[in-house]
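Right, one structure below, let's go through it.
2 protein chains.
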Amino acid sequence: MRKGEETRTRLLDVAEAAVLAKGFGATSIDELIAETGITKSGFFYHFRDKNELAKALLERYIENDERIYDEIFSRAHELSDDPLQAFLLGLKLLSELLSDLPNGHPGCLVATMCTQERAFDREIQEINRQAALMWRRRFGGMFRDIMRHYRPREALDADQLADMVSTVIEGGIVISKALKEPKSLPDQLLVFRTFVRMLFQPIAQA
Amino acid sequence: MRKGEETRTRLLDVAEAAVLAKGFGATSIDELIAETGITKSGFFYHFRDKNELAKALLERYIENDERIYDEIFSRAHELSDDPLQAFLLGLKLLSELLSDLPNGHPGCLVATMCTQERAFDREIQEINRQAALMWRRRFGGMFRDIMRHYRPREALDADQLADMVSTVIEGGIVISKALKEPKSLPDQLLVFRTFVRMLFQPIAQA
DNA sequence: CCGCTCCTGTACCGCCGGTACGGTTTTCGG
DNA sequence: CCGAAAACCGTACCGGCGGTACAGGAGCGG
Numbered sequence: 001m002r003k004g005e006e007t008r009t010r011l012l013d014v015a016e017a018a019v020l021a022k023g024f025g026a027t028s029i030d031e032l033i034a035e036t037g038i039t040k041s042g043f044f045y046h047f048r049d050k051n052e053l054a055k056a057l058l059e060r061y062i063e064n065d066e067r068i069y070d071e072i073f074s075r076a077h078e079l080s081d082d083p084l085q086a087f088l089l090g091l092k093l094l095s096e097l098l099s100d101l102p103n104g105h106p107g108c109l110v111a112t113m114c115t116q117e118r119a120f121d122r123e124i125q126e127i128n129r130q131a132a133l134m135w136r137r138r139f140g141g142m143f144r145d146i147m148r149h150y151r152p153r154e155a156l157d158a159d160q161l162a163d164m165v166s167t168v169i170e171g172g173i174v175i176s177k178a179l180k181e182p183k184s185l186p187d188q189l190l191v192f193r194t195f196v197r198m199l200f201q202p203i204a205q206a
Numbered sequence: 001m002r003k004g005e006e007t008r009t010r011l012l013d014v015a016e017a018a019v020l021a022k023g024f025g026a027t028s029i030d031e032l033i034a035e036t037g038i039t040k041s042g043f044f045y046h047f048r049d050k051n052e053l054a055k056a057l058l059e060r061y062i063e064n065d066e067r068i069y070d071e072i073f074s075r076a077h078e079l080s081d082d083p084l085q086a087f088l089l090g091l092k093l094l095s096e097l098l099s100d101l102p103n104g105h106p107g108c109l110v111a112t113m114c115t116q117e118r119a120f121d122r123e124i125q126e127i128n129r130q131a132a133l134m135w136r137r138r139f140g141g142m143f144r145d146i147m148r149h150y151r152p153r154e155a156l157d158a159d160q161l162a163d164m165v166s167t168v169i170e171g172g173i174v175i176s177k178a179l180k181e182p183k184s185l186p187d188q189l190l191v192f193r194t195f196v197r198m199l200f201q202p203i204a205q206a
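Taken in order, these protein sequences are the chains called A and B. Residue 129 in the UniProt record's numbering sits at position 129 of the first sequence, with consecutive numbering throughout. Residue 1 in the UniProt record's numbering sits at position 1 of the second sequence, with consecutive numbering throughout.
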């Protein structure tokens, strides 16, 4: 029982790295079981088929993603009571965290699953959609909180601003990978941060 | 000669739609030749292997992409001599163009190739990188032009701003697909447009 | 009529995802 | 410590897919 979980986790670890590096289709089961030190029967004991592996992979990835966001932004809110300052600090912390990844961001499984790889079944698409909606709720809440304290220089929708966070991260990952410049992603986040700061900065009185 | 080109083009058309819909790995050669009305031998007459198909697909996609940007922004520069206004107009035109796609943006092959799908060979990765660099040059030039006429409210690097255009587009495509909301992508572009306008807006004198 | 482009047809290979199923070891609660 | 469930192993097999190897043919310009 305990052992089962452990093997499953190891399988998922190996699979996640391979999928992010080469894509889902290019990752063979034979390859995964070889590296995990398991047999094919063992694999199919844990996962009904490859699609279920994808599902488990995605769910675990999203969970971990949420955990990281929770940590960073709760940390930021500890450091500042002001919602705007806390958000800006969170972006900064996130950017720094991304800068410290030596080989750049390994890639987002949500993007992997939705941008590519077979017509994944409805279930996975729905998980993906829920993930994007969670991001929207998370950051949307922050922006609404900020808007209660600051008057934006331009009228912008809180949900659209929230989506912009996800957009910059997902797009930054793509551009960073295409350019082979790991620094691009954290840089893009900081540019976005500047935009947000500018948006809510009180207009200077002459 | 003429006939060969025509068949090749038809193959690429079919392949592009399939790849953007299901991913490269999930698109089988058998499927492509069935829809094109050609035999397997015929396919391998045009392309040495699947990787060469990917290369041709990508090159054609990027060419077309550049053509669209050329059209939109040359159009915008006809309508306004001011570099800032022309750029803002271009973003607006682009956003409208994206809004008019009934099923949303079909996906970007650059993202498809770099985010996923097998360890594509160096050649394809290099094509991808060049595409991203072209985008940077294109938009970077526009931002530098703008900066000669307008003083930005915050000091931001022109190349990073240029990358932000690509980032928002690529990220917007991902988020739009994940959310299954085609409108997200054009909306995100407009939010970015607002940021750019705000960045270069002269500070109002009280 | 030659030769080139642009294919068709057939046969075959190895990898991969997946199924089936019987057997074996490991683990843990009672 | 025992028994049952959990967690595998081994083997054999299937069809689909990417890819190879040729042999040959239709159509067309020179």
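Ideal placement from N, C-alpha and C gives every residue a C-beta, glycine not left out.
N- and C-terminal bounds of the alpha helix (DSSP H) containing residue i
{"i": "Gln201 of chain B", "result": "That residue, Gln201 of chain B, is in no alpha helix (DSSP H); it is neither H nor E in DSSP."}
{"i": "residue 213 of chain B", "result": "Outside the displayed span of chain B (1 to 206) sits residue 213 of chain B, for which this structure offers no information."}
{"i": "Thr112 of chain A", "result": "Leu109 to Thr115"}
{"i": "Ser28 of chain A", "result": "Ser28 of chain A -> no alpha helix (DSSP H), and no H or E assigned at all."}
{"i": "Ile173 of chain A", "result": "Ala158 to Leu179"}
{"i": "Gly4 of chain B", "result": "Arg2 to Lys22"}
{"i": "Ala86 of chain B", "result": "Pro83 to Ser99"}
{"i": "Phe143 of chain A", "result": "Arg122 to His149"}
{"i": "Phe43 of chain B", "result": "Lys40 to His46"}
Environment of residue i [buried if 16+ CB atoms lie within 10 Å]
{"i": "Ala206 of chain B", "result": "With a pLDDT of only 48 at Ala206 of chain B, under 50, the local geometry of the prediction cannot be trusted, and the value read off the model is given with reservation. So Ala206 of chain B ends up on the exposed side."}
{"i": "Gly4 of chain A", "result": "exposed"}
{"i": "Ser95 of chain A", "result": "buried"}
{"i": "Arg136 of chain A", "result": "buried"}
{"i": "Glu123 of chain A", "result": "exposed"}
{"i": "Gly37 of chain B", "result": "exposed"}
{"i": "Asn128 of chain B", "result": "buried"}
{"i": "Leu20 of chain A", "result": "buried"}
{"i": "Thr167 of chain B", "result": "buried"}
{"i": "Thr9 of chain B", "result": "exposed"}
{"i": "Leu109 of chain A", "result": "buried"}
{"i": "Leu57 of chain B", "result": "buried"}
{"i": "Gly107 of chain A", "result": "buried"}
{"i": "Ile146 of chain A", "result": "buried"}
{"i": "Ile203 of chain B", "result": "exposed"}
{"i": "Lys40 of chain B", "result": "exposed"}
{"i": "Ala131 of chain B", "result": "buried"}
{"i": "Ser176 of chain A", "result": "buried"}
{"i": "Ala34 of chain A", "result": "exposed"}
Any C-beta of chain A under 8 Å from that of residue i
{"i": "Asp65 of chain B", "result": "no"}
{"i": "Glu170 of chain B", "result": "yes"}
{"i": "Ser166 of chain B", "result": "yes"}
{"i": "Val14 of chain B", "result": "no"}
{"i": "Phe87 of chain B", "result": "no"}
{"i": "Thr7 of chain B", "result": "no"}
{"i": "Asp49 of chain B", "result": "no"}
{"i": "Asp82 of chain B", "result": "no"}
{"i": "Ala26 of chain B", "result": "yes"}
{"i": "Gly23 of chain B", "result": "yes"}
{"i": "Ile175 of chain B", "result": "yes"}
{"i": "Ser184 of chain B", "result": "yes"}
{"i": "Met198 of chain B", "result": "yes"}
{"i": "Gly107 of chain B", "result": "yes"}
{"i": "Phe143 of chain B", "result": "no"}
{"i": "Ala17 of chain B", "result": "no"}
{"i": "Ala111 of chain B", "result": "yes"}
{"i": "Leu156 of chain B", "result": "yes"}
Residue-chain proximity (residue i, chain B), Cβ-Cβ < 8 Å
{"i": "Arg153 of chain A", "result": "yes"}
{"i": "Thr39 of chain A", "result": "no"}
{"i": "Leu179 of chain A", "result": "yes"}
{"i": "Asp121 of chain A", "result": "no"}
{"i": "Arg129 of chain A", "result": "yes"}
{"i": "Thr36 of chain A", "result": "no"}
{"i": "Ile124 of chain A", "result": "no"}
{"i": "Phe44 of chain A", "result": "no"}
{"i": "Gly140 of chain A", "result": "no"}
{"i": "Asp163 of chain A", "result": "yes"}
{"i": "Phe195 of chain A", "result": "yes"}
{"i": "Asp187 of chain A", "result": "yes"}
The region 182-199 of chain A touching the region 180-189 of chain B, judged by at least three CB pairs closer than 8 Å: The answer is no - the region 180-189 of chain B does not touch the region 182-199 of chain A, with fewer than three Cβ pairs under 8 Å.
Stretch pair the region 53-69 of chain A + the region 158-172 of chain A: three plus CB contacts closer than 8 Å: With fewer than three CB-CB distances shorter than 8 Å, the region 53-69 of chain A does not count as touching the region 158-172 of chain A.
Segment contact flag, the region 6-22 of chain A with the region 73-87 of chain A, C-beta cutoff 8 Å, min 3 pairs: Output reads no: the region 73-87 of chain A does not touch the region 6-22 of chain A.
Touch test, the region 139-149 of chain B against the region 170-181 of chain B, Cβ-Cβ under 8 Å, three pairs minimum: Between the region 139-149 of chain B and the region 170-181 of chain B there are fewer than three C-beta pairs closer than 8 Å, too few to call the two in contact.
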